[in-house]
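Each residue of the sequence shown is one higher than the one before, starting from 0 at the first, in numbering that gives the first Met the number 0.
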Amino acid sequence: MVSLAKISTDEEASLYAMQLGSASVLPMVLKAAIELDLLEIMAKNDGFSGAQMSPSKLASHLPTNNPDVHVMLDRILRLLASHSILTCSVRKLPDGGVERLYGLDTVCKYLTNNDDGVSLATHCLLNQDKDAVLEGGIPFDKGYGMSTFVYHRKDQRFANVFSNGMSSHSTIVMKKILEAYNGFEGLSSVVDVGGGIGASLHMIVVSKYPNIRGTNFDLPHVIENAAQFSGTALL
């Protein structure tokens, strides 16, 4: 069993590598927020005086009938808050639930129009999530006219990149899970639903628990390229 200190260090490095791989997300989400005028709306509602707004309240200012707009806005705002672009607090609701409230942090002074009517926001407008927020739907689907998983069948290069990326991530994560988790002990079979090309099952069945019978369940075109190894079945 590896030490907790080593696991912690490895996890931090792994998470940092994932951050680098998704580094484009923040500027694209910030661009969408600026194009949707979210920061300006918050500024006009006393955002620089500490006032905060809920995603639903912000959604009421947008020209959209998308029923999921408040959910999509919450994801945008939550990411911006995690990078100290916005502030965030949690409010309890009468029904026992909670909702997040968001406000403007210091940097927003330069991302909203000042007394001269200018800001640095234009530097962030150089990426197309705005349409998905206003019209609903998934950006990839809107851009390509089909879901990611349907597109896999039409573009083998994309399918290979996606599958290899998922496989690599699964291998790294599952290896760490198996170092600290013993919940697979005593099992006779494991089914990985949406198992891709079989990376997680390989780590479980081949690398650690050869007595387990593994079943990899995924879409036909994924299974066609999945790894076949001893102790597993492909469905």
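Note that CB positions come from ideal geometry on N, CA and C, so glycine has one too.
Could you check how far apart the C-beta atoms of residue i and residue j are, in whole angstroms? I think they sit under 8 angstroms.
i: Phe148; j: Leu200; result: Wrong, their Cβ atoms sit about 19 angstroms apart, outside the cutoff.
i: Leu124; j: Leu110; result: With a Cβ gap of about 11 angstroms, Leu124 and Leu110 do not count as contacting.
i: His60; j: Ile40; result: 5 angstroms
i: Lys207; j: Leu177; result: 5 angstroms
i: Val28; j: Leu79; result: 7 angstroms
i: Leu37; j: Lys129; result: Not really, about 10 angstroms apart at Cβ, beyond 8 angstroms.
i: Ile196; j: Ala226; result: 6 angstroms
i: Asn224; j: Val132; result: With a Cβ gap of about 34 angstroms, Asn224 and Val132 do not count as contacting.
Per DSSP, residue i is paired with what?
i: Tyr15; result: Answer is none; Tyr15 lacks a bridge partner.
i: Thr147; result: Bridge partners of Thr147: none, in fact.
i: Cys87; result: Tyr101
i: Met52; result: Tyr101
From residue i to residue j, what distance separates their C-alpha atoms?
i: Asp45; j: Tyr15; result: 36 angstroms
i: Val106; j: Ile84; result: 6 angstroms
i: Ala198; j: Thr170; result: 6 angstroms
i: Gly20; j: Pro26; result: 13 angstroms
i: Asp9; j: Asn215; result: 28 angstroms
i: Lys56; j: His122; result: 27 angstroms
i: Asp114; j: Pro54; result: 27 angstroms
i: Asn245; j: Gly96; result: Nothing in the structure corresponds to residue 245, since the chain is present only between 0 and 234.
i: His69; j: Gln18; result: 25 angstroms
i: Lys175; j: Thr63; result: 44 angstroms
i: Asp73; j: Val160; result: 30 angstroms
i: Tyr143; j: Glu11; result: 35 angstroms
i: Met145; j: Gln155; result: 15 angstroms
i: Gly49; j: Ser7; result: 36 angstroms
i: Cys87; j: Lys108; result: 17 angstroms
i: Val89; j: Gln51; result: 10 angstroms
i: Ser81; j: Asp67; result: 22 angstroms
i: Asp140; j: Val24; result: 17 angstroms
i: Ala22; j: Met202; result: 28 angstroms
i: Glu98; j: Asn112; result: 28 angstroms
i: Leu92; j: Arg77; result: 19 angstroms
i: His151; j: Ser13; result: 27 angstroms
Could you tell me if residue i is buried or exposed, where buried requires 16 or more neighbouring beta carbons within 10 angstroms of its beta carbon?
i: Met71; result: buried
i: Met173; result: buried
i: Lys30; result: buried
i: Gly193; result: exposed
i: Val204; result: buried
i: Val221; result: buried
i: Ala58; result: buried
i: Asp94; result: exposed
i: Ala32; result: buried
Problem - the stretch 180-191 in contact with the stretch 203-213 per 3-pair CB rule at 8 angstroms - result: Of all C-beta pairs linking the stretch 180-191 to the stretch 203-213, three or more are shorter than 8 angstroms, placing the two stretches in contact.
Practice task
State whether the stretch 151-168 contacts the stretch 132-139, with contact taken as three or more CB pairs (one from each stretch) at a distance under 8 angstroms.
Solution key: No: fewer than three Cβ pairs fall under 8 angstroms.
Exercise for the section: May I ask you to verify whether the stretch 40-57 touches the stretch 87-103, counting CB pairs closer than 8 angstroms and requiring at least 3? Expected result: Yes, the stretch 40-57 touches the stretch 87-103.
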